[in-house]
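Input: a single structure, listed below in structure tokens.
2 protein chains.
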Amino acid sequence: MSTDSSRIPRSPGTAPTGTAGLRVDARHNRDRIVEAAREAFSELGIDVPMAAIARRARVGVATLYRRFPTRESLVTEVFAEQLTECASVVDDALAEPDAWHGFRTLIEKVCAMQALDRGFTEAFLSAFPDALDYERTRVRAEQGLAELVRRAQASGRLRADFAPEDVVLVLMANSGLVAGSARSAPAASRRLVAYLIESFRADRAAPDEPLPPTAPLSLGHLGLPGSGTGRSG
Amino acid sequence: MSTDSSRIPRSPGTAPTGTAGLRVDARHNRDRIVEAAREAFSELGIDVPMAAIARRARVGVATLYRRFPTRESLVTEVFAEQLTECASVVDDALAEPDAWHGFRTLIEKVCAMQALDRGFTEAFLSAFPDALDYERTRVRAEQGLAELVRRAQASGRLRADFAPEDVVLVLMANSGLVAGSARSAPAASRRLVAYLIESFRADRAAPDEPLPPTAPLSLGHLGLPGSGTGRSG
DNA sequence: GGACAAACGGAGAAGGCCGTCCACTTGTCG
DNA sequence: CGACAAGTGGACGGCCTTCTCCGTTTGTCC
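Here the protein sequences come in this chain order: H and C.
In terms of full-length UniProt numbering, the first sequence opens at residue 1 and continues consecutively.
In terms of full-length UniProt numbering, the second sequence opens at residue 1 and continues consecutively.
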């Protein structure tokens, strides 16, 4: 804000929610907020009240709102790390010599991430149109994904009619499991992914490994809380 | 219904939300409420405010609450028809001479129903533990389902390691699509189901029909409202 | 150490939804 | 037609959430 020599509150060009130029106590509080939010989102879902996050961080509500004016900005911050991890999973997959194995591992890894963190899935699903970092990372992920699919198909292991959009299909389907069965989500997810992967193989004649075990689901357990709330709304 | 001559407000043993013994205007209003609720649930999701339903039905809130003391009772009423339709789909499948074809058609039909009505899926997912009709129908559906799976496996067309719980897996996965992509849900659902069905076949060497076309999805469209709200919370 | 801006926390306004209460209207039966 | 119970609608209190205002505290720099 100043053009003067010292006491520069914030360097120009820094994101307003960034940590630069903050007083040390403020920075400390900000970190605690992010950590508290991470926990809260993971346990209670993305719709947890702001006040609950503030309480967890032992901070006033005003402090929270000062750092993160909207819930969206907080969510973006919290999941930025995991999102870039997601993107790096794509890079890893591309680096693999065996494209099919890379493809397969990618699907499995991302779905496992989704299954482990309720908030992550929800954050993914709420799809902020204007979160810049998200947008950039997303585009990169999409391009990498398309390339990966192309290579896996060229190798003859991935069926030719598989479309890159089908990855989104898988993620959405997987998110349905996560939303529906909180506790058994990881197991259920593994099994679903195994089924799908089998279906994605070009040579479906060859037997795959045995399926992961079934999760203890029944029509009655459909959507009943496994350990969380069971539904978002 | 009655053991007496006249003016009996309500016969004992009749369900409290039933339509019996209501004054004609009241019955009329009740019908309008159910219809309004059906529309509202389908368009806006199951969490639509009670007041909105009342307004749609051109009825006071009190009238709505008098007929349906809880949101759950209203949902139960609204989806009872579709639920029994669901159950009859199981019966149809059991009646088919070709067990595999019955199994396959069942999955496809139920998923299509889910994809068409946002509210239906949500109602299914919220899993009312004490809605009696639901419970009875559910148990019947579960037993029929198990039988169907057994027969389809006996016929050698359904893979032996398929578990009846896997049907729930499919429904949950499908509900993820419906929640995530409102407008393109039917198309997306068809494709997902096609993939899964292929994977469920015992003889995966034989080529299936071509896949249904991809829905226009991208990572960016993940969860963005196709035409509805995109998320329940 | 002292001055000052940065940062803080809690109170509370605003808005939304739920579910109830009660004074008024209307269908029904004799 | 007249009486009365059944039925109705809207206002209202309670609760929960979001977000802001403002008096007080605290870190930082000279």
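We treat Cβ as the ideally placed atom computed from N, Cα and C, and that holds for glycine.
In this text the structure is predicted, and so the values were computed from the model without any measurement.
Rounded separation between residue i and residue j - CA only
| i | j | result |
| --- | --- | --- |
| A154 (chain H) | F120 (chain C) | 41 Å |
| T76 (chain H) | A187 (chain H) | 28 Å |
| P129 (chain H) | E43 (chain C) | Residue placement at P129 (chain H) cannot be trusted, given a pLDDT of 46 that sits under 50; what the coordinates show is reported in the next sentence. The straight-line gap from Cα to Cα measures roughly 23 Å. |
| P149 (chain C) | A160 (chain C) | Residue identity differs from the one stated: residue 149 (chain C) is Val in this sequence, not Pro. Distance between the alpha carbons of V149 (chain C) and A160 (chain C) is about 9 Å. |
| A20 (chain H) | R71 (chain H) | 21 Å |
| P213 (chain C) | R66 (chain H) | 47 Å |
| R201 (chain H) | L94 (chain H) | 18 Å |
| residue 235 (chain H) | A26 (chain H) | Lying before the first or after the last residue shown, residue 235 (chain H) is absent from chain H, which here runs from 1 to 233. |
| residue 234 (chain C) | A194 (chain H) | Coverage of chain C is limited to positions 1 through 233, which leaves residue 234 (chain C) absent and any answer about it impossible. |
| A206 (chain H) | A205 (chain C) | 8 Å |
| E135 (chain H) | K109 (chain H) | 21 Å |
| I107 (chain H) | V167 (chain H) | 8 Å |
| E96 (chain C) | E147 (chain C) | 13 Å |
| R55 (chain C) | A62 (chain C) | 11 Å |
| G102 (chain H) | L64 (chain C) | 56 Å |
| E81 (chain C) | A57 (chain C) | 20 Å |
| D203 (chain H) | S189 (chain C) | 24 Å |
| V48 (chain C) | E122 (chain C) | 12 Å |
| V24 (chain H) | G176 (chain C) | 43 Å |
| A185 (chain C) | R151 (chain C) | 31 Å |
| L196 (chain C) | R30 (chain H) | 45 Å |
| F162 (chain H) | P210 (chain C) | 11 Å |
| R104 (chain C) | C111 (chain C) | 11 Å |
| G45 (chain C) | G45 (chain H) | 19 Å |
| V89 (chain C) | D98 (chain H) | 44 Å |
| E35 (chain H) | L22 (chain H) | 18 Å |
| R183 (chain C) | H28 (chain H) | 44 Å |
| I53 (chain H) | G18 (chain H) | 19 Å |
Candidates the options: closest to residue i by CA position
| i | options | result |
| --- | --- | --- |
| D91 (chain H) | H:E142, H:P49, H:E122 | H:E142 |
| L116 (chain C) | C:P69, C:A179, C:A26 | C:A179 |
| V139 (chain C) | C:C86, C:L158, C:V61, C:F41 | C:C86 |
| F68 (chain H) | H:T84, H:H101, H:A51 | H:A51 |
| R157 (chain C) | C:L177, C:A173, C:S199, C:R136 | C:S199 |
| L74 (chain H) | H:A40, H:R58, H:T84 | H:A40 |
| P164 (chain H) | H:R30, H:G144, H:A173 | H:G144 |
| F79 (chain C) | C:Q114, C:G60, C:P49 | C:Q114 |
| A173 (chain H) | C:F162, C:G60, C:L192 | C:L192 |
| I33 (chain C) | C:L22, C:G60, C:G45 | C:G60 |
| T137 (chain H) | H:D31, H:L83, H:W100, H:F162 | H:L83 |
| R118 (chain C) | C:H28, C:L22, C:S181 | C:S181 |
Any C-beta of chain H under 8 Å from that of residue i
| i | result |
| --- | --- |
| L116 (chain C) | no |
| S181 (chain C) | yes |
| S155 (chain C) | no |
| D161 (chain C) | yes |
| I8 (chain C) | Any reading at I8 (chain C) must be qualified, since the residue scores a pLDDT of 36, below 50, and its modelled position is unreliable; no value is offered. |
| P210 (chain C) | yes |
| M50 (chain C) | no |
| L192 (chain C) | yes |
| Q214 (chain C) | In the sequence under discussion, the amino acid at residue 214 (chain C) is Thr, which differs from the Gln named in the question. Yes, contact with chain H. |
| E147 (chain C) | no |
| S73 (chain C) | no |
Short CB-CB distance (under 8 Å) between residue i and chain C
| i | result |
| --- | --- |
| P186 (chain H) | no |
| L177 (chain H) | yes |
| P69 (chain H) | no |
| A205 (chain H) | yes |
| D92 (chain H) | no |
| M113 (chain H) | no |
| E165 (chain H) | yes |
| A95 (chain H) | no |
| E108 (chain H) | no |
| A37 (chain H) | no |
| L169 (chain H) | yes |
| Y195 (chain H) | yes |
Residue i Cβ short of 7 Å to the ligand SAH heavy atom set
| i | result |
| --- | --- |
| L158 (chain H) | The model on display carries no ligand, and the ligand SAH is accordingly not part of it. |
Whole runs of the beta strand (DSSP E) within the stretch 140–178 of chain H, excluding any shorter than 3 residues
none
Taking a Cβ distance cut-off of 9 Å, strictly less, list which residues of the stretch 75–88 of chain C are near chain H, in chain order.
none
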